[in-house]
Amino acid sequence: MAAQETVDHKYVYDFSEGNKDLKDLLGGKGANLAEMTNLGLPVPPGFTITTEACQAYLATGRQPDGLAGQIEAHLESLERAMGKRLGDPRDPLLVSVRSGAKFSMPGMMETVLNVGLNDQSVVGLSAQAGQNDRFAWDSYRRLIQMFGKTVCEVPGEEFEHALDEIKSAKGTHDDLDLDADDLRGLVDAYKKIFSKHTGREFPQQPREQLDLAIRAVFESWNAERAVLYRRQERIPADLGTAVNVVTMVFGNLGPDSGTGVAFTRDPASGAQGIYGDYLANAQGEDVVAGIRNTVPLQELGQLDRASYDELLGIMARLEEHYKDLCDIEFTIERGKLWMLQTRVGKRTAAAAFVIAGQLVDEGLIDLDEALHRVNGAQLAQLMFPRFQLDHEFQPVATGIGASPGAASGAVVFTSARAVELAAEGRSVILVRRETNPDDLNGMIAAKGILTSRGGKTSHAAVVARGMGKTCVSGADDIDVNVPAKRFTVAGQTVSEGDVISIDGTTGKVYLGEVPVMPSEVVQYFEGSLDPEHIDNPLVRAVHRIMTHADGKRRLAVRTNADTGADAARARRFGAEGIGLCRTEHMFLGDRRELVERLILARAPGEREAALAALLPLQRADFEEIFREMDGLPVTVRLIDPPLHEFLPPLEQLAVNVAVAQERGEDVAKEEALLAAVRRMHEENPMLGLRGVRLGLVIPGLFAMQVRAIAEAAVSCARGGGVAKPEIMVPLVGAVQELETVRAEAEKIIAEVVGDSGVEVLIGTMIEVPRAALTAGQIAEAAEFFSFGTNDLTQMGWGFSRDDVEGAFFWRYLELGIFGISPFESIDRDGVGRLVRIAAEEGRAARPGLKLGVCGEHGGDPDSVHFFHEVGLDYVSCSPFRVPVARLEAGRAVVETGGSDSR
Ligand code: PEP
Ligand code: MG
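Going by the working numbering, the first residue of the sequence shown is number 350, and it counts up by one from there.
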C-alpha cells in the first residue's frame, strides 16, 4: 500500500512523469531517462527524487516532510510493475541509486549499485540468474564495497587490498578468475572491514540501505571534489543533485550480456557515423575502471545482431528527437537491450560547427538554432594555431594564458635582439619580466611574448592580443635576468638563442620546439580559402554560420587598431570601422627625441617647434589608417598615457647621471632630463596626469593631433577616398573638460576642413566612474560615447589593472567572490550598471548619441551579449576577436528571441 502521508509538495517523479525540459528539477540524467521512457525506449523502470529535495536536505540536515512517504509510494509502484519486492529473499528487486545534477559533473558525485542485496537475497539473486552463484556473490561484494565507501566513508583502499589479497592467494590478476567461493569469502572480509570502521554490521534491511544511499548521494553534492569541480566549471553551488532510483539490469550475466557507450556522431570531428565501445560480460563501472579492453561498438554486430540493430535504431531515433549529437550508455542483459542514459554529447569546437552545419542540411534545425549551438569561445579556439603535443613535452612553467595561440622560437631578452634575429628570418620569443611601450618593435618582430609578471590586462597581454600574437604573462616560476641574457626555471637555465614554446591558451611553457599546426579558419577569414570551393567541412560550416550571424546581428563590430596593417587585417576579418585607434605608439621610436623636446621645452618656441615637427608624421599615420578603412568610421583617441612614460626610467637615468658625473663628463642635458623625470614622477600614474588632463596642461598637444586628423581626412577626400574621423577624448570625468577641448578642436576642424565635405565627430570615452554618473551632462558636448571598460573596471573596483590579476585574483576566484576576472568579462552588476546608466542618461540628453565600447570586453562573448542588451551601437575589439564578436552579436539576437535583422 502506498503511504498515506498527504503532503502537497512533489519531491518524487516516476520516469513516466518527467521530460527532458525538467533538468532543473530532475537533473540531466533523470530528465533524459524520463524522456526516453516517454519515447517508449527500453529504460529500466525507476523514479527520480528532485533537486529540491536535495536542497531541502542540505539546508536542514534532514529529509523534507513528505519525502519518505513519496519514496515509499514510488517504490511500491515500481515493485508492482516489476512483480518483485526490494530485497525479497527469493526473487529480489535490486536498484541502483545514482546522482544526476542539472549540469554533468562526471564522476564527482556518488552512485551505489545493487541496493537490496543481503545475506538472504543474494541466494535469491543466484537462483534468478540460473543458479549463477558467482554472479550473485560478486554483486553482493560490489554493494558492500560501494556502500561502505560512499555511505559510510570506509577507506576504499581497504576493500581493494582485500580483493588483491584473494587474487594473489589464487595466483591471478583477473577478477574473472575468482569463483563463487572466493567471492563469498571476500564478502566476509568486506563485512569485517565495514564493521571495523563503522562499529556496526552491514545493514541487512533493504529499505535502510536505500535510505542511507539516497542520503549519501545528497551529501555527495558537497564532497570536496564536487565543490572544486563546480568552482572550476562555474556551476552554481546551490543547485543540488537529483537522485535516480533505477531497477538494476546486469551486463555481467555471461557472454550474451555486456555494456557500452556510444556517440551518434564523432564528437572530435563531427563526422557522421557510429562511435562507441562495448565490453561483453561486464558492468558499466568495469568500463570506466579500464579493467578489460573494450572493443569497437561495430563488433557488437557480430556478437548480438538483434541488439545491435535495435541500438542503431534507437540512436537514430534519439538524434532525430534531440536534434543533436547524443551520447548514450546501455547494457545488454541476456540479449535484452536497456538504455541507461542519454544526453546531448560534449564535443570539440570543430565538431560543434560541423555538426550544427550537418543538422541544418538534414533539416533537423534551422540556421538560428545552428547559431545558438556554437559560440565565440569555440570559434576563438579554432582561430589559433595549435601545438601537436605528445608525451615528449612536459611544461616547465605555467603562467596566465594572456593571448591565445602557440608559438616556438629562440629566446631573446631585448626588443633590439628580437628585431635583429627576426630580420635574419628566425622565429623568436621575447622574454621579459614585463613589457613597456619601448618593447613594441620587439613584440612586433617576435612570434610570442613571455613575461614573468603581470596579468591579462598587463601591457604585454593587451598589446599581444591586439596583434593576435601569442602571449603568456605572469609565469612567476621563471626568473628572468635580462643583463645576463638568461632565465632560470625548474632548476634549468635557458639562455639567449635556446628554443622554447609557449601556449597562450593554457599558459604553459615548454623547453624545445613543439610542432605547430596553422588554423584553416584564419586562412578562410584572411581570404585565402574560398568557402564555396573548399572541401573542408569545418570551413564550410564556419562560413555558413558566420554569414547567418552577420545577417542577424544588430551590433556593429569595429576593431581596435593603431596601424594600417592591423586595420587592413581587421577589415578582412569583417571589422566595420575602427572603434579605438590608440595614438600613443605614434610617439615612440625615432620620434622620441621630438617628444622629449616637447616635454622638456623651456625656451619659448621650443614646444611649438616640436609639435610642428610631429604634425606631418601624425598626419601620415592617420592617412594610412583612413586609406585602409576607406568609407568606414575611424575613432582616433587623443593621446592618453602619462607623458613621463615617454622618458627614460627614473632609476636608470639617475644611475647614468651619477656615473657620468663621477667621470667628470658634461651632463647638463642629462641632468635637465633627470630633473624633468623627477618632476613628472607620479605615485599613481594611472590616476595622474594622463588623458584629457594632459591635453589641458600641455598647450598645443591635442590641437596638433586634431589638426593632423582633420588634415589627413581632407587629404584622403581630395584623393577620392572617404574618411570618417571621430575624435575621441580620453579620461573625461567632467563635461567642462570636454567642452574646453571641444571648443579648441572645433575651431581647428572648421579651419582645416573648409568645404572639403569631410565631417569630423567629437566624442569621449566613458571610463571614469564620474563620467558614467554625469553622462547626461557630458552628452551635451559629445556626439558619441565609447565605454573604456578597462579603466572603468579599474576605477570602479579600485583594482590596479597591471597588478591585481597576478597578485590576488586567484584567491578571489577560489573564494567565488567572482567567477571570472572582471577585466575579462564585464561585471554586469557593478561596472555594467555604470554602462547602463551612462547609456540611458546619455541618450536621454542627446537622442541618437552613438554608443560603443572599446575596452577589452568588446571581444568577450558574454560581454558582447550584455552590450547588445544595453543597446549599444557597436563593440570594438582587437582584430582577431572581430569574428568572435560578429558571431556573438548574432547569437545575442537569436538568444533574446529577437528577429532583429539589419
Ligand atoms: C579602456 O580603458 O577601456 C580603454 C579602451 O583605454 P586603455 O585600455 O587604452 O586605457
Ligand atoms: Mg582607458
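Backbone N, C-alpha and C define an ideal beta-carbon position, used for all residues, glycine too.
Compute the minimum distance between the beta carbon of residue i and the heavy atoms of the ligand MG, and state whether it is under 7 Å.
{"i": "G1044", "result": "no"}
{"i": "E933", "result": "no"}
{"i": "E1116", "result": "yes"}
{"i": "D1140", "result": "yes"}
{"i": "P1079", "result": "yes"}
{"i": "D989", "result": "yes"}
By Cβ distance, which residues of its chain are closer than 6 Å to residue i, with the 5 residues on each side in sequence left out?
{"i": "E1088", "result": "A1130"}
{"i": "L1200", "result": "F1134, A1188, L1221, D1222"}
{"i": "L561", "result": "V500"}
Less than 8 Å between the C-beta atoms of residue i and residue j, yes or no?
{"i": "V1101", "j": "G1044", "result": "no"}
{"i": "L1050", "j": "E1075", "result": "no"}
{"i": "V592", "j": "T680", "result": "no"}
{"i": "G823", "j": "T800", "result": "yes"}
{"i": "M1077", "j": "M1053", "result": "no"}
{"i": "A813", "j": "S752", "result": "yes"}
{"i": "V446", "j": "V471", "result": "no"}
{"i": "A383", "j": "E366", "result": "yes"}
{"i": "D437", "j": "G415", "result": "no"}
{"i": "E401", "j": "A565", "result": "no"}
{"i": "I704", "j": "Q690", "result": "no"}
{"i": "V1041", "j": "P997", "result": "no"}
{"i": "V444", "j": "V595", "result": "yes"}
{"i": "L1252", "j": "D487", "result": "Residue 1252 is absent from the model: the chain starts at 350 and stops at 1251."}
Since I believe residue j is in contact with residue i (beta carbons under 8 Å), could you give me their beta-carbon distance rounded to a whole number of angstroms?
{"i": "G861", "j": "G797", "result": "Contact flag wrong, Cβ pair sits at about 14 Å."}
{"i": "Y859", "j": "S850", "result": "4 Å"}
{"i": "L960", "j": "L947", "result": "6 Å"}
{"i": "L462", "j": "R491", "result": "6 Å"}
{"i": "A916", "j": "I974", "result": "5 Å"}
{"i": "G449", "j": "G376", "result": "4 Å"}
{"i": "P991", "j": "P1034", "result": "5 Å"}
State yes or no: is the C-beta of residue i nearer than 7 Å to some heavy atom of the ligand PEP?
{"i": "G1137", "result": "yes"}
{"i": "G823", "result": "no"}
{"i": "D1151", "result": "no"}
{"i": "L1036", "result": "no"}
{"i": "L929", "result": "yes"}
{"i": "G853", "result": "no"}
{"i": "C1203", "result": "yes"}
Smallest Cα separation from residue i: which of the options?
{"i": "L1022", "options": "V392, R951, E568", "result": "R951"}
{"i": "P616", "options": "Q554, V566, V693, T547", "result": "V693"}
{"i": "E893", "options": "T908, R907, V870", "result": "Checking the sequence shown, residue 893 turns out to be Arg, not Glu. When each option's Cα is compared against that of R893, the closest is V870."}
{"i": "S544", "options": "D1140, I493, E514, T590", "result": "I493"}
{"i": "A1062", "options": "G1125, T984, L1080, Q1085", "result": "T984"}
{"i": "D847", "options": "T837, V1219, R1235", "result": "T837"}
{"i": "V644", "options": "Y627, E634, Q651", "result": "Y627"}
{"i": "G410", "options": "E659, E1093, I563", "result": "I563"}
{"i": "F733", "options": "L960, R1240, S807, V1233", "result": "V1233"}
{"i": "G548", "options": "V503, I584, H510, A518", "result": "V503"}
{"i": "E648", "options": "G1069, E925, G625", "result": "G625"}
{"i": "P953", "options": "P1048, V906, R920, E977", "result": "P1048"}
{"i": "K685", "options": "L667, L652, G712", "result": "L652"}
{"i": "S606", "options": "V843, V1219, A629", "result": "A629"}
{"i": "D739", "options": "R666, L731, V863", "result": "V863"}
{"i": "A910", "options": "G923, G1106, S1227, R968", "result": "S1227"}
{"i": "S1064", "options": "V1084, H1030, A1099, V1107", "result": "V1107"}
Can you name, in chain order, every residue of its own chain whose Cβ lies under 7 Å from the Cβ of residue i, other than the five neighbours on each side?
{"i": "E994", "result": "P786"}
{"i": "G980", "result": "V1071"}
{"i": "A352", "result": "Summary for A352: the model assigns pLDDT 39, below 50, so the residue's position carries little reliability; its value from the coordinates is reported in the next sentence. Here the set comprises G418, E421, A422."}
{"i": "I714", "result": "K672, L708"}
{"i": "E682", "result": "V598, F599, G600, L602, S606"}
Any beta carbon of chain D sitting closer than 8 Å to that of residue i?
{"i": "N387", "result": "Among the chains of the structure shown, chain D does not appear; only one protein chain is present."}
Sorted by chain position, which residues of the same chain lie with C-beta nearer than 8 Å to residue i's C-beta, five sequence neighbours on each side aside?
{"i": "S1170", "result": "G804, K805, E1154, F1158, L1162"}
{"i": "L407", "result": "F567, E568, W570, N571, G589"}
{"i": "A810", "result": "I749, A751, S752, G803, G804, C820, S822"}
{"i": "V1006", "result": "V1016, E1019, E1020, L1023"}
Quick check: does the Cβ of residue i come within less than 7 Å of any heavy atom belonging to the ligand GDP?
{"i": "L720", "result": "Inclusion of the ligand GDP in the displayed structure is not the case, the ligand content consisting of the ligand PEP and the ligand MG alone."}
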